[in-house]
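> The structure's right below; bear with me while I get my questions together.
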């Protein structure tokens with residue numbers, strides 16, 4: 117069964133440094149998402165992306181965050197200047213369409229640790 | 006964002022059925038009911054969804070009340086691998102999924 121893959125599984129970065137998290141969505145999917153989960157807390161939506169544009173974003177997704185689909189397969193989340201509070205699990209997801217009856221398929225996440 | 010209410014935790018025994026309830030009294034006519042689960046150290050996993058009628062798939066069944074104000078996820082024969090946090094989510098007209106705290110399901114051998 118096709119799956120969403122994320123790399124790296126664990127990223128350790130010094131505060132203030134830039135970090136790029138990578139995702140390969142399922143190949144025929146058109147909608148892509150990033151979520152995060154701070155340890156012990158809820159899964160939170162960050163951003164959705166379709167047709168090379170952000171279609172929706174949350175308040176968390178401020179100017180420090182950006183997303184890109186640099187080629188036909190990868191989808192990346194960049195945090196420009198990391199803060200301690202960015203430490204979390206980051207999940208990428210994809211769906212074939214963006215409609216209400218479409219499931220989203222998640223990767224197993226990247227654990228980001230900011231020192 | 007439409008609110009759902011789930012018990013914080015439930016416990017069941019292996020090979021027995023499990024009924025996970027969800028209340029969504031403010032649901033509107035076009036809201037889909039989705040269920041996801043999150044196994045330890047993994048990303049959320051889609052389980053099932055429905056609109057008005059009961060639904061079955063290889064993982065579970067979804068029973069939706071006639072007034073749609075509640076639903077129940079049914080695992081017909083629980084295994085240890087079904088131990089996870091189960092999330093009931095209303096999809097309303099935005100692309101995002103809004104996760105609550107979910108129900109932590111423990112399966113006893």
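Residue numbers (the numbering used here), protein chains in the order written: chain A, 117 to 231; chain B, 6 to 114.
For each residue, glycine too, the CB sits at the ideal point set by N, CA and C.
These figures come from a predicted structure and were not determined experimentally.
Any beta carbon from chain A within less than 8 Å of residue 47 of chain B's own beta carbon?
Interface residue, yes.
> Between the C-alpha atoms of residue 30 of chain B and residue 148 of chain A, what's the straight-line distance to the nearest angstrom?
Residue 30 of chain B and residue 148 of chain A: Cα-Cα distance of roughly 30 Å.
> Can you grab the Cα-Cα spacing for the pair residue 212 of chain A / residue 168 of chain A, in whole Å?
C-alpha separation (whole angstroms): 15 Å.
> Name the two residues that bound the continuous beta strand (DSSP E) containing residue 152 of chain A.
From DSSP, the beta strand (DSSP E) with residue 152 of chain A extends over 147–153.
> Could you please give the first and the last residue of the uninterrupted beta strand (DSSP E) stretch that includes residue 137 of chain A?
Segment 135–140, the beta strand (DSSP E) holding residue 137 of chain A.
> Counting only Cβ pairs nearer than 9 Å, list the residues of chain B close to residue 199 of chain A.
The contacting residues do not exist; residue 199 of chain A stays about 23 Å from chain B at best.
> Cβ of residue 42 of chain B less than 8 Å from any chain A Cβ?
For residue 42 of chain B, the answer is no, since every Cβ of chain A falls outside 8 Å of its Cβ.
> Out of A:164, A:188 and A:189, state which residue places its alpha-carbon closest to the alpha-carbon of residue 182 of chain A.
Considering only alpha carbons, the answer is A:164.
> What are the boundary residues of the beta strand (DSSP E) that residue 67 of chain B is part of?
From DSSP, the beta strand (DSSP E) with residue 67 of chain B extends over 66–69.
> Answer yes or no: does any C-beta atom of chain A fall closer than 8 Å to that of residue 105 of chain B?
So, interface residue.
> Less than 6 Å between C-beta atoms, sequence neighbours within five positions excluded: which residues of the same chain meet that for residue 24 of chain B?
Closer than 6 Å at the Cβ level, and outside the excluded window around residue 24 of chain B, lie 77 and 79.
> Can you find a C-beta in chain B that's less than 8 Å from the C-beta of residue 141 of chain A?
Chain B, which has no Cβ nearer than 8 Å to the Cβ of residue 141 of chain A, makes this no.
> Return the CA-CA distance between residue 161 of chain A and residue 151 of chain A, expressed in angstroms with no decimal places.
Using only the alpha carbons, I get a separation of about 4 Å.
> Under a Cβ-count criterion, where at least 16 other Cβ atoms within 10 Å of its own Cβ denotes burial, should residue 205 of chain A be classed as buried or exposed?
Burial call: buried.
> Can you give me, in chain order, the residues of the segment 50–61 of chain B that have a beta carbon less than 8 Å from any beta carbon in chain A?
From the segment 50–61 of chain B, only 50, 51, 54 and 56 have a Cβ closer than 8 Å to chain A.
> Any idea what DSSP makes of residue 78 of chain B, helix, strand or coil?
Three-state result, residue 78 of chain B: strand.
> Any Cβ of chain B within less than 8 Å of the Cβ of residue 118 of chain A?
No, residue 118 of chain A lies away from the interface with chain B (no Cβ there is under 8 Å from its Cβ).
> Which class does residue 200 of chain A belong to by DSSP, given the choice of helix, strand or coil?
Helix at residue 200 of chain A.
> Whole angstroms is fine: what's the gap from residue 210 of chain A's alpha carbon to residue 203 of chain A's?
One C-alpha to the other measures close to 23 Å.
> Is there a Cβ from chain B that is less than 8 Å from the Cβ of residue 221 of chain A?
So yes, residue 221 of chain A belongs to the interface.
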